[in-house]
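**Student:** Position in the sequence shown (first residue = 1) + 149 = the working numbering.
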Amino acid sequence: MELRQLRYFVKVCELRSMGRAALELDLATSALSQQISRLESELSTRLLRRSSTGVTPTDAGLAFLQQAHLTLRHADEAVRAAQQARLSGHVSIGLPPTTSSVLGVPLMRAMAERYPDVRLHLVEALSGHLASMLNSRQLDLAVVFQADTARRWSVLPLLGEKLFVIGRADLPGMPAGRQVRLAQLGALPLILPSASHGLRATLQAAFARVRAVPHVVAEIDGLALLMDAVRAGHGATIQPGAAVARTAAEPLVQVRIADAQVGRQNLLASLSDDELSPAALAARVMLAEVARRLVQEGRWAGATLHEN
Numbered sequence: 150m151e152l153r154q155l156r157y158f159v160k161v162c163e164l165r166s167m168g169r170a171a172l173e174l175d176l177a178t179s180a181l182s183q184q185i186s187r188l189e190s191e192l193s194t195r196l197l198r199r200s201s202t203g204v205t206p207t208d209a210g211l212a213f214l215q216q217a218h219l220t221l222r223h224a225d226e227a228v229r230a231a232q233q234a235r236l237s238g239h240v241s242i243g244l245p246p247t248t249s250s251v252l253g254v255p256l257m258r259a260m261a262e263r264y265p266d267v268r269l270h271l272v273e274a275l276s277g278h279l280a281s282m283l284n285s286r287q288l289d290l291a292v293v294f295q296a297d298t299a300r301r302w303s304v305l306p307l308l309g310e311k312l313f314v315i316g317r318a319d320l321p322g323m324p325a326g327r328q329v330r331l332a333q334l335g336a337l338p339l340i341l342p343s344a345s346h347g348l349r350a351t352l353q354a355a356f357a358r359v360r361a362v363p364h365v366v367a368e369i370d371g372l373a374l375l376m377d378a379v380r381a382g383h384g385a386t387i388q389p390g391a392a393v394a395r396t397a398a399e400p401l402v403q404v405r406i407a408d409a410q411v412g413r414q415n416l417l418a419s420l421s422d423d424e425l426s427p428a429a430l431a432a433r434v435m436l437a438e439v440a441r442r443l444v445q446e447g448r449w450a451g452a453t454l455h456e457n
């Protein structure tokens, strides 16, 4: 027996019509009738008397209706009690720079609206550093790009990101069009993170697969400075689309990398469930919801959701 079946039954008794009740409940009449029949089967008794003029409750139905009202009232009171007893506490969340540029403020806003008594501690750092902080229990959860060093982590695939060549339109060698292959970028001056950065390792492996050598003119590990250098015309970079989320100056050209398997996965990693506080568990759900909404609304460039 489900609460929705009780609500359906009460509505039918209230309106004395299966059709009108179905209309108010936004259900097909046949679906509503089927739910009532399942309820009667479970109770092994007839609850409604059907006729050409409508439906009326049987004696058993009248007795059941009284208890159904009571049960639904108690359920509604339980919901109100849970909502009024606001969740409180503290949660620490780690976000890589590109991810935080898109997700950070929307996550703060959503948490403030739904859980105003939960205090957020947001840490922006490279994925590898976030993994170390998670392992040392300095963070409750974090978005990372690799989970092979996990120690009892709970890991949820969050989304995938396409990579783009990003640079000024007047930069010599900057590709035109909507997409380009890595093998065509040999002469393009690139500003990339250093070898300690996970994205650099991904790109090195991708260039090696197509037997091309990137023309790296500078290495910068900070996203803000790296994008400043790109905007100044010192070179292009290869980053996910989120890298330009904070760009307020002149727009930069973004050309998608067309090579298969060239992309990056965002993983939502956390301590094991038995180590997380209620506030952290709620924040984990909220983070996934906000990320999903940003992708669905087209506000996360180049991102695609993982199918559950």
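Here a beta-carbon is modelled for each residue, glycine too, at the ideal position from N, C-alpha and C.
So G238 and S426 are supposed to be a Cβ contact under 8 Å. How far apart are they, rounded?
**Tutor:** Indeed, because the Cβ distance is near 5 Å, the residues count as touching under 8 Å.
**Student:** If you run the structure through DSSP and keep just helix, strand and coil, what is S166?
**Tutor:** Looking at S166 - three-state DSSP - the assignment turns out to be coil, as it is neither helix nor strand.
**Student:** In angstroms, rounded to a whole number, what distance separates the CA positions of G412 and E424?
**Tutor:** If you take the alpha carbons of G412 and E424, they lie about 32 Å apart.
**Student:** How many whole angstroms separate the CB atoms of I315 and A385, which I take to be in contact at a CB cut-off of 8 Å?
**Tutor:** Yes, they are in contact, since the Cβ atoms of I315 and A385 sit about 6 Å apart, within 8 Å.
**Student:** Taking the beta strand (DSSP E) that H383 falls in, what are its first and last residues?
**Tutor:** It is not in any beta strand (DSSP E) - H383 carries neither H nor E in the DSSP assignment.
**Student:** Between G347 and the rest of its own chain, which residues show a CB-CB distance below 7 Å, the 5 nearest in sequence each way excluded?
**Tutor:** Hits under 7 Å: S276, G277, F294, Q295.
**Student:** Helix, strand or coil: which one does DSSP assign to T490?
**Tutor:** Residue 490 lies beyond the residue range present for the chain, which begins at 150 and ends at 457; the question has no answer from this structure.
**Student:** Would you kindly work out how many angstroms separate the C-alpha atoms of W449 and V251, rounded to a whole number?
**Tutor:** Roughly 7 Å between the two C-alpha positions.
**Student:** Which whole-angstrom value is the C-beta distance of I340 and A392, which I expect to be below 8 Å?
**Tutor:** Rounded, the Cβ-Cβ distance is 11 Å, inconsistent with contact.
**Student:** With H, G and I counted as helix, E and B as strand and the rest as coil, what does DSSP make of L331?
**Tutor:** Residue state, collapsed to three classes: helix.
**Student:** Once you ignore the five residues that flank V439 on each side, which residues in its own chain have a CB closer than 7 Å to its CB?
**Tutor:** Around V439: L252, P255, L256, A259.
**Student:** Rounded C-beta distance between G390 and E310? I'm assuming under 8 Å.
**Tutor:** Confirmed, about 7 Å.
**Student:** Just confirm the distance between the C-beta atoms of T97 and L155, as a whole number of angstroms; I'd bet it's less than 8 Å.
**Tutor:** One cannot answer for residue 97 here, as it falls past the ends of the chain, which runs 150 to 457.
**Student:** Among A418, A350, H223, S345, which one has its Cα closest to the Cα of N284?
**Tutor:** Cα-wise, what sits closest to N284 is A418.
**Student:** Pairing CB atoms from the region 163-174 with CB atoms from the region 196-205, are three or more of them under 8 Å?
**Tutor:** Touching, per the Cβ criterion.
**Student:** Give me the residue from R222, A437, G451, S186 with the minimum Cα distance to L244.
**Tutor:** The candidate whose alpha carbon is nearest that of L244 is A437.
**Student:** Would you check if the distance between the CB atom of Q414 and the CB atom of L269 is smaller than 9 Å?
**Tutor:** Taking 9 Å as the Cβ cut-off, Q414 and L269 do not qualify as a contacting pair.
**Student:** Between the C-alpha atoms of E126 and S190, what's the straight-line distance to the nearest angstrom?
**Tutor:** Outside the shown range of the chain, which is 150 to 457, sits residue 126, and nothing can be said about it.
**Student:** Quick check on DSSP: helix, strand or coil for G253?
**Tutor:** DSSP places G253 in helix when its eight states are reduced to three.
**Student:** For A180 and A171, what's the separation of their Cα atoms in angstroms?
**Tutor:** The straight-line gap from Cα to Cα measures roughly 8 Å.
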